[in-house]
Amino acid sequence: MTKTNPGRFFEDYRLGETIRHAVPRTIAEGERALYHALYPQRFALHSSDAFALDCGLDGAPLDDLLVFHTVFGKTVPDISLNAVANLGYAEARFHRSVWPGDTLRAESEVIGLKQNSNGRSGVVWVRTRGLNQAGETVLSYVRWVMVRKRDEDAPAPETAIPELAHAVEPGELEIPEGLDFLGYDFALAGEPHRARDYAVGERIDHVDGVTIEEAEHMLATRLWQNTAKVHFDATHRDDGRRLIYGGHVISLARALSFNGLANAQVVAAINAGAHANPCFAGDTVRAWSEVRAVERLRNDVGALRLRTVATRGEAFALTGEDGKYLPEVLLDLDYWVLMPR
Amino acid sequence: MTKTNPGRFFEDYRLGETIRHAVPRTIAEGERALYHALYPQRFALHSSDAFALDCGLDGAPLDDLLVFHTVFGKTVPDISLNAVANLGYAEARFHRSVWPGDTLRAESEVIGLKQNSNGRSGVVWVRTRGLNQAGETVLSYVRWVMVRKRDEDAPAPETAIPELAHAVEPGELEIPEGLDFLGYDFALAGEPHRARDYAVGERIDHVDGVTIEEAEHMLATRLWQNTAKVHFDATHRDDGRRLIYGGHVISLARALSFNGLANAQVVAAINAGAHANPCFAGDTVRAWSEVRAVERLRNDVGALRLRTVATRGEAFALTGEDGKYLPEVLLDLDYWVLMPR
Amino acid sequence: MTKTNPGRFFEDYRLGETIRHAVPRTIAEGERALYHALYPQRFALHSSDAFALDCGLDGAPLDDLLVFHTVFGKTVPDISLNAVANLGYAEARFHRSVWPGDTLRAESEVIGLKQNSNGRSGVVWVRTRGLNQAGETVLSYVRWVMVRKRDEDAPAPETAIPELAHAVEPGELEIPEGLDFLGYDFALAGEPHRARDYAVGERIDHVDGVTIEEAEHMLATRLWQNTAKVHFDATHRDDGRRLIYGGHVISLARALSFNGLANAQVVAAINAGAHANPCFAGDTVRAWSEVRAVERLRNDVGALRLRTVATRGEAFALTGEDGKYLPEVLLDLDYWVLMPR
Chain A
239 MTKTNPGRFF EDYRLGETIR HAVPRTIAEG ERALYHALYP QRFALHSSDA
289 FALDCGLDGA PLDDLLVFHT VFGKTVPDIS LNAVANLGYA EARFHRSVWP
339 GDTLRAESEV IGLKQNSNGR SGVVWVRTRG LNQAGETVLS YVRWVMVRKR
389 DEDAPAPETA IPELAHAVEP GELEIPEGLD FLGYDFALAG EPHRARDYAV
439 GERIDHVDGV TIEEAEHMLA TRLWQNTAKV HFDATHRDDG RRLIYGGHVI
489 SLARALSFNG LANAQVVAAI NAGAHANPCF AGDTVRAWSE VRAVERLRND
539 VGALRLRTVA TRGEAFALTG EDGKYLPEVL LDLDYWVLMP R
Chain B
239 MTKTNPGRFF EDYRLGETIR HAVPRTIAEG ERALYHALYP QRFALHSSDA
289 FALDCGLDGA PLDDLLVFHT VFGKTVPDIS LNAVANLGYA EARFHRSVWP
339 GDTLRAESEV IGLKQNSNGR SGVVWVRTRG LNQAGETVLS YVRWVMVRKR
389 DEDAPAPETA IPELAHAVEP GELEIPEGLD FLGYDFALAG EPHRARDYAV
439 GERIDHVDGV TIEEAEHMLA TRLWQNTAKV HFDATHRDDG RRLIYGGHVI
489 SLARALSFNG LANAQVVAAI NAGAHANPCF AGDTVRAWSE VRAVERLRND
539 VGALRLRTVA TRGEAFALTG EDGKYLPEVL LDLDYWVLMP R
Chain C
239 MTKTNPGRFF EDYRLGETIR HAVPRTIAEG ERALYHALYP QRFALHSSDA
289 FALDCGLDGA PLDDLLVFHT VFGKTVPDIS LNAVANLGYA EARFHRSVWP
339 GDTLRAESEV IGLKQNSNGR SGVVWVRTRG LNQAGETVLS YVRWVMVRKR
389 DEDAPAPETA IPELAHAVEP GELEIPEGLD FLGYDFALAG EPHRARDYAV
439 GERIDHVDGV TIEEAEHMLA TRLWQNTAKV HFDATHRDDG RRLIYGGHVI
489 SLARALSFNG LANAQVVAAI NAGAHANPCF AGDTVRAWSE VRAVERLRND
539 VGALRLRTVA TRGEAFALTG EDGKYLPEVL LDLDYWVLMP R
């Protein structure tokens with residue numbers, strides 16, 4: 239039994255160390271098709287090679303969140319197998335497009351450590367990078383989790399808390415190489431709205447709902463080679479329920495957001511994300527968005543900073559009088575998208 | 239909320255207008271694999287590049303119904319989002335093969351309008367074309383739906399009812415470019431029966447049954463980017479059930495028909511189709527066929543006009559004494575297939 | 239109704255005859271993606287083209303069990319449609335790698351026949367070969383099944399029972415052409431253990447459990463074009479349950495075995511396999527392995543003979559005091575894997 243991976247505990251992390259995560263993964267047209275079967279995904283840039291060619295690319299790049307999930311999945315055995323809680327994301331930036339046939343691997347640097355006052359667990363901050371087969375960074379993000387200690391008597395490390403940006407600056411957003419929205423076909427894309435048609439504070443109801451089945455979230459989460467037991471093993475929790483991978487809800491919300499944000503072709507950055515309440519099979523997921531900022535990146539490319547909230551209840555639910563998330567809120571995501579200006 | 243698509247209502251259609259549907263879609267090997275996972279699909283021409291090469295093609299074309307569903311899915315946001323009923327299909331012809339990597343888009347011309355006497359809805363006829371990235375028509379069909387009015391007081395359009403053929407004529411059936419059945423390997427294809435071995439009036443029980451799960455029909459329907467709420471949202475109907483996309487039943491019936499029609503390699507046309515009763519998860523779908531016509535198209539290629547009926551009950555169910563479909567009948571499809579003569 | 243395939247009965251088999259199975263199948267990147275969605279598959283050689291290139295191959299070959307299931311599926315309509323029981327496997331050898339885009343077909347030679355004393359059924363032994371589009375054998379195995387007679391009065395054939403090896407000899411194991419483990423990256427592969435780090439008799443608990451859904455096993459089994467009714471039709475058994483294809487459990491167990499056997503990159507042979515008890519949706523499958531032999535094939539390549547047992551209960555379940563499999567045992571598989579030495 240010594241040959242199986244028990245995962246890392248809090249005292250196993252060293253500030254500054256880099257962990258190379260296992261199992262590189264080639265993602266190709268099959269993963270693209272599955273992404274379209276698992277999520278109601280309609281953004282034209284990721285759906286159509288012809289549309290992407292007309293936008294100056296060599297073909298349809300793989301969906302940004304497909305890249306995120308693949309990189310994230312690689313980190314689970316080293317970062318979150320013994321995690322008690324997934325505390326947050328920050329500074330996620332998509333640096334370059336990923337194409338069918340690319341192979342992704344991941345590395346994480348430990349950038350922060352803080353033992354909890356109870357002495358039984360601690361918080362670990364890592365900066366994770368996803369790399370393609372040429373060694374180029376395609377994605378980077380910071381994530382922090384609460385991890386149990388194996389041995390409560392293990393000494394506490396020196397506390398180091400990284401300084402993290404509240405949001406990626408517009409100037410840091412990367413426009414995919416070659417992207418050109420000058421000849422953009424709004425009719426083919428599905429909606430007429432440009433970046434400058436959106437107003438700060440505007441709220442958009444994405445209208446549609448999707449009821450989730452066990453088979454669907456497990457197919458997705460396995461596809462990302464995410465090994466967290468709670469998603470797959472109905473005997474793991476006392477209530478016999480499988481917890482749905484938070485990233486599954488992110489992808490559902492993003493896909494639903496097509497209705498009202500059809501031209502938000504590229505996810506350029508994720509500023510923050512909270513999985514407010516657990517999601518289970520049988521939940522019907524809806525989403526709404528609020529525009530937080532509208533920026534001009536280039537004459538043809540604008541950026542929207544969005545808050546997209548996924549709920550299992552009615553539209554526009556968020557927080558109660560106590561300032562806490564309402565029980566029907568599943569996800570509160572703060573991110574940047576690119577669209578024709 | 240003004241940015242989301244509410245769908246068109248009856249008074250939004252103009253006779254003669256052409257609607258370009260959104261979101262072109264590249265379909266490739268991933269969609270082919272999913273088609274084989276979703277339906278018990280065994281027709282050799284679509285299963286094997288090697289078999290297709292031996293039939294004169296450059297490789298296995300994508301399944302004809304996969305093409306149909308992809309094109310149909312594109313039309314939903316513009317044609318049937320506010321549809322009360324899906325009334326019929328006619329004159330569906332598959333004009334040329336679609337290959338992995340092709341990008342499909344769709345256009346519909348409004349060819350008929352008739353307001354209902356209740357003034358609350360009307361019937362819209364459209365002729366839809368699916369086009370590949372070169373702008374070539376790969377599929378065309380007529381469909382008519384009953385659509386609600388937004389405003390009951392909106393004036394009725396002039397009534398225009400198109401004349402539609404009861405069936406595509408044998409001379410109009412397109413043989414895929416390059417197709418050659420002279421060296422056809424019946425053993426590899428699975429059955430010895432040629433077109434001329436079938437007799438008009440002959441009935442074939444396709445024997446097998448498939449019980450449908452929610453996850454399966456939703457994966458399929460999402461893959462076709464069909465956005466109709468009733469297929470995905472368990473809160474949409476009062477009974478909490480999700481209606482299965484009629485095309486899912488068409489593909490199931492076609493795949494089941496392999497058993498007895500293994501050499502019916504190509505669907506060349508659909509003359510008519512009725513979704514006789516709704517299909518739900520948990521239903522076990524069976525199918526039977528009746529031969530309506532046997533035609534010689536070329537020395538090596540014959541055509542069969544088939545009625546294939548999908549049921550959730552016993553074989554050969556169809557209509558009751560009142561001439562109406564029995565409650566166990568799901569689909570009544572009238573179509574042409576090509577097979578070695 | 240005479241056109242549908244009723245399957246073969248015991249008296250339809252002739253010693254020495256070769257049956258060419260129908261429906262060749264091209265397997266490509268889409269099937270690879272689905273394999274990763276259906277099973278928690280993480281072996282790096284099959285997950286990453288880049289990793290496979292570093293191991294001397296031209297890219298990631300398709301998973302060995304994906305090849306097994308595809309070949310096996312082709313044989314079902316001719317071998318086991320009327321089978322009462324699936325009795326065993328032997329001498330399964332993987333002869334050469336299968337690559338995305340290859341087309342597989344299958345042939346079976348009848349190598350043994352023995353009518354049962356009750357006169358109502360008999361045992362049929364076949365040696366099946368899977369062939370690629372160049373006619374090269376990629377897989378061969380012996381399987382025997384108990385098949386019903388159509389006519390109890392049909393005369394019994396002369397009894398012929400083939401001699402089968404208890405296990406494939408290490409010298410018969412094929413190392414994939416070009417495979418080179420000299421520069422193997424253990425960190426990327428996920429574990430540090432070489433073949434010589436394993437001891438005969440060592441037991442490994444693979445820890446994780448996967449709860450199976452109906453949609454998942456049906457998607458998988460359809461993907462292999464396996465037509466056995468019991469897997470798909472909930473009305474087929476009196477208890478309304480669908481029996482899960484035994485190969486689905488094999489693939490689940492193999493994928494789970496990553497945890498402790500991450501470097502067992504290649505399945506080279508299957509010596510024997512017993513489906514000890516039926517598996518149904520809702521079962522949570524776990525697995526454990528015992529090392530039966532450790533062999534040196536080449537300086538860089540070692541082989542492990544493994545017994546991997548899949549259970550729906552606790553770890554290390556196997557047989558009771560009566561020597562029979564405990565009811566929680568689903569699979570007992572005896573096979574050879576290749577790993578860096």
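Residue numbers (the numbering used here), protein chains in the order written: chain A, 239 to 579; chain B, 239 to 579; chain C, 239 to 579.
In this text, a Cβ means the ideal position worked out from N, Cα and C, and glycines have one as well.
Chain-ordered neighbours of residue i on chain A, where CB pairs are closer than 7 Å
| i | result |
| --- | --- |
| N497/C | T242, N243 |
| V448/C | F470, D471 |
| T522/C | D471, A472, T473 |
Chain B within 9 Å of residue i, Cβ atoms only
| i | result |
| --- | --- |
| G268/C | yes |
| A260/C | yes |
| L295/A | no |
| R343/C | yes |
| R263/C | yes |
| L569/A | no |
| L304/A | no |
Helix, strand or coil at residue i [DSSP, three-state]
| i | result |
| --- | --- |
| T308/C | helix |
| D572/C | strand |
| V406/B | coil |
| N497/B | helix |
| K562/C | coil |
| E345/B | strand |
| T522/C | strand |
| E255/A | coil |
| K352/A | strand |
Proximal chain C residues relative to residue i, where beta-carbon distance stays under 7 Å
| i | result |
| --- | --- |
| A275/B | L272, L457, R460, L461 |
Contacts of residue i in chain A (Cβ-Cβ under 8 Å)
| i | result |
| --- | --- |
| H486/C | Per Cβ cutoff of 8 Å: no residues; H486/C is ~13 Å from chain A at best. |
Chain A contact for residue i (CB, 9 Å cutoff)
| i | result |
| --- | --- |
| I482/C | no |
| H431/B | no |
| G558/B | no |
| Q315/B | Residue identity differs from the one stated: residue 315/B is Pro in this sequence, not Gln. Judged by the 9 Å Cβ criterion, P315/B is in contact with chain A. |
| A500/C | yes |
Straight-line Cα distance separating residue j from residue i
| i | j | result |
| --- | --- | --- |
| H274/C | A548/B | 32 Å |
| G484/C | F470/C | 14 Å |
| N324/A | I442/A | 28 Å |
| H474/B | A531/A | 33 Å |
| Y251/A | V348/A | 7 Å |
| E410/C | E374/C | 17 Å |
| I265/C | L461/C | 10 Å |
| E249/B | N356/B | 14 Å |
| R367/C | V309/C | 8 Å |
| S346/B | D301/B | 22 Å |
| L564/C | L272/A | 38 Å |
Chain C residues whose Cβ lies nearer than 8 Å to that of residue i
| i | result |
| --- | --- |
| P278/B | R460, Q463, T465, F470 |
| H451/B | Per the sequence shown, residue 451/B should be read as Glu rather than His. Near E451/B (Cβ distances below 8 Å), the residues of chain C are E451, E452, A453, M456. |
Per-residue contacts from residue i into chain B (C-beta, under 9 Å)
| i | result |
| --- | --- |
| Q371/C | S286, D287, A288, L291 |
Neighbour flag for residue i against chain C, beta carbons, 9 Å
| i | result |
| --- | --- |
| Y436/B | yes |
| A548/B | no |
Under 9 Å by beta carbon: chain A residues contacting residue i
| i | result |
| --- | --- |
| A491/C | What A491/C touches in chain A: nothing, since even the nearest Cβ is about 14 Å away. |
Residue i: CB within 8 Å of a non-hydrogen atom of the ligand FMN
| i | result |
| --- | --- |
| H274/A | Of ligands this structure carries none, so the ligand FMN is not represented either. |
Interfacial residues, the stretch 455 to 466 of chain C to chain F, with Cβ spacing under 8 Å | Note that chain F does not occur in the displayed structure, where the protein chains are A, B and C.
Which parts of the stretch 359 to 392 of chain B are runs of the beta strand (DSSP E), unbroken and 3 residues or longer, counting only runs that do not cross its ends?
-> As summarised for the stretch 359 to 392 of chain B, the continuous beta strand (DSSP E) elements at least 3 residues long and confined to that stretch are 359 to 369, 375 to 386, given in chain order.
Pick out the complete beta strand (DSSP E) segments inside the stretch 270 to 335 of chain B, 3 residues or longer, and give them in chain order.
-> Counting only runs of 3 or more, we get 321 to 332.
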